[in-house]
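Accompanying notes for the structure given below.
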Amino acid sequence: MPNPPEAAELILRALLPADARECVSGDLLEEYRESRVPSAGELRADLWYWRQVGGIWLRAYWWLVAPVVLVLALFDTFNYVSSPLGASFGMPTGLPFAVQPPLVAVGLVAFATAYGSWRTGRWQGGFVAALGVSVILWSFAVVWSNATFYPLALRAQSDPQWIAAWHWSTQHGHAARNVTFLDWLYWDNVGSLIIAGILLLVTSFVCGGVGAILGELMSHRRRRA
Amino acid sequence: MADILGSFEQAVLLAIVRLDEGAYGRAILKEVEVRLEREVAAGAVQATLERLERKGLVRSRLGSGTPIRDGRARRFYTVLAEGLRALNDARKTHESVWRGFPRPLKGRG
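Protein chains in written order, with my numbering: chain A, 1 to 225; chain B, 226 to 334.
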């Protein structure tokens with residue numbers, strides 16, 4: 001009998017609370033084998049399975065991610081309007097340190113991990129929650145950075161500090177000597193996004209480990225009570 | 226009158242009523258897809274069933290698995306009296322809102 005993608009099934013089983021794990025994964029398996037593979041073939045059935053897993057994840061955690069993505073977008077807009085540098089995801093002026101965007105992102109990942117472990121009763125649930133949140137946050141950063149690149153560039157090209165940074169990079173070999181300011185700014189953003197992605201992944205594992213253990217402990221206490 | 230059920234909640238409850246003893250997760254999903262004439266996410270049905278159970282409108286029990294699902298248990302659902310009351314209320318409200326309008330509805334132009 002055909003089987004759904006192993007990775008998707010592992011994520012699904014980690015994502016579901018104990019009382020739903022066997023039943024929901026069994027329902028999807030039955031639908032996959034009896035209906036999806038015969039009618040659409042294994043590849044499209046696999047895609048369908050992944051969509052179902054993604055949908056289940058979103059239904060469980062959308063309420064965590066949506067407000068934070070909105071807040072990060074507002075932060076960046078506020079930063080663009082109020083900061084003389086117009087830097088994306090820079091430290092907004094006039095806001096308390098505790099609500100700076102990178103700390104908000106790390107805090108969200110940690111909270112998602114603890115909540116995911118508590119909800120599913122397993123540390124794997126925490127990791128799946130953290131990884132999903134990290135992927136969404138990073139994807140948002142990529143889309144947002146590209147969408148706001150033009151206004152950022154307009155601002156930055158008349159700012160002496162950005163111009164000085166561009167000159168410094170070209171003169172010290174961090175960028176090609178003849179690179180234009182716009183190209184340099186764009187690839188600087190790309191580099192930041194790559195670093196942000198790696199940091200988010202590391203954060204999800206570190207916070208995930210701590211949060212998952214805490215969440216599982218809380219879940220055991222709840223079951224014993 | 227109890228809180229009015231959403232249209233998707235009604236579809237899921239009616240699927241359970243229609244399926245009777247055979248109302249388990251996947252069967253409910255297929256029945257809802259047939260009645261709504263569109264593809265429905267398994268997560269949406271699952272979330273709705275959990276919500277209905279929390280509201281006390283349905284009850285569930287574990288049943289046997291089958292070979293096609295590698296023996297994994299199925300969860301069967303039954304509509305409770307409160308659930309039937311909610312469905313009847315929803316139907317009454319729906320009929321009241323539509324009363325007096327021709328079928329199909331036509332514009333003045």
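Where is the CB? At the ideal position from N, CA and C, for every residue including glycine.
The structure presented is a predicted model; accordingly, all values stated were derived computationally and were not measured.
Where residue i meets chain B, residues with beta-carbon distance less than 7 Å
i	result
A/GLU22	ARG297, ALA298
A/LEU28	ALA267
A/SER25	ARG297
A/ALA42	The sequence given here places Glu at residue 42 of chain A; Ala does not occur at that position. Result: empty, since nearest Cβ-Cβ is about 16 Å, beyond 7 Å.
A/GLN52	ALA266, ALA267, GLY268
DSSP-derived helix/strand/coil call for residue i
i	result
B/VAL283	strand
A/MET218	helix
A/PHE89	A caution first: A/PHE89 carries a pLDDT of 44, below 50, which makes its placement in the model unreliable, though a value can still be read off. Reduced to three states, the DSSP call for A/PHE89 is coil.
A/ALA175	coil
A/ILE213	helix
B/LYS278	First, the amino acid is wrong: residue 278 of chain B is Glu here, not Lys. It is helical.
A/PRO84	The predicted model places A/PRO84 with a pLDDT of 49, which falls under 50 and marks its position as unreliable; any figure quoted below should be read in that light. Coil at A/PRO84, not helix or strand.
A/VAL71	helix
A/PRO101	helix
A/GLN157	coil
A/PHE205	helix
B/PHE326	coil
According to DSSP, residues forming a beta bridge with residue i
i	result
B/ARG300	B/LEU287
B/TYR249	B/PHE301
Residue i versus the options, residue with shortest Cα-Cα distance
i	options	result
A/PRO17	A/GLY125, A/GLN52, A/LEU43	A/GLY125
A/GLU34	B/ARG294, B/THR318, B/TYR302	B/ARG294
A/LEU58	A/GLY116, A/ALA105, A/GLY41, A/ASN3	A/GLY116
A/GLY132	A/LEU217, A/PHE111, A/SER158	A/PHE111
A/PRO102	A/HIS167, A/ASP76, A/TRP123, A/PHE127	A/ASP76
B/GLN271	B/GLY332, B/VAL242, B/GLY250	B/GLY250
A/GLN161	A/PHE149, A/LEU185, A/ARG177	A/LEU185
A/LEU217	A/HIS172, A/VAL71, A/ARG122	A/ARG122
A/LEU152	A/LEU10, A/ARG51, A/ARG222, A/ASP188	A/ASP188
A/VAL24	B/GLY288, B/PHE233, B/LEU330	B/GLY288
A/ARG36	A/LEU28, A/ALA45, A/GLU30	A/ALA45
Sub-7 Å separation of residue i and residue j beta-carbons
i	j	result
B/GLY290	B/ARG297	yes
B/LEU244	B/ALA252	yes
B/GLY231	A/ILE56	no
A/VAL65	A/LEU12	no
B/GLY308	B/LEU274	no
B/GLU258	B/VAL265	yes
B/LEU305	B/ARG286	no
A/LEU193	A/VAL109	no
A/GLY208	A/THR113	yes
A/GLY197	A/TRP144	no
B/LEU312	B/LEU261	no
B/TYR302	B/ALA248	yes
A/ALA129	A/TYR61	yes
A/SER134	A/SER204	yes
A/TRP63	A/SER219	no
A/PRO4	A/TYR49	yes
A/TRP166	A/PHE149	no
A/VAL69	A/PHE140	yes
Per-residue contacts from residue i into chain B (C-beta, under 8 Å)
i	result
A/GLY55	ALA266, ALA267, GLY268, ALA269
A/ARG177	The premise fails here: A/ARG177 is roughly 54 Å from chain B at the closest Cβ pair, so nothing lies under 8 Å.
A/GLU34	ILE293
A/GLU9	Residues of chain B passing the Cβ test: none, with the nearest at roughly 11 Å.
A/GLU6	Result: empty, since nearest Cβ-Cβ is about 13 Å, beyond 8 Å.
Chain-ordered chain A contacts of residue i [CB-CB under 9 Å]
i	result
B/ALA272	ILE56, ARG59, ALA60
Interface residues of chain A facing residue i [CB-CB closer than 7 Å]
i	result
B/GLY250	CYS23, VAL24, ASP27
B/GLY290	GLY26
Within chain A, partners of residue i - CB distance below 8 Å
i	result
B/GLY332	By Cβ distance, chain A contributes nothing, its closest Cβ being about 37 Å from B/GLY332, past 8 Å.
Closer than 9 Å at the beta carbon, the chain B residues around residue i
i	result
A/GLU216	Those do not exist, as A/GLU216 stays about 22 Å from chain B at its closest Cβ, beyond 9 Å.
Residue i CB to nearest heavy atom of the ligand SAH below 6 Å
i	result
B/GLY231	With respect to small molecules bound, the structure shown includes none, and the ligand SAH cannot be examined in it.
Min CB distance residue i to chain D below 7 Å
i	result
A/VAL69	This model lacks chain D altogether, as its protein chains are A and B.
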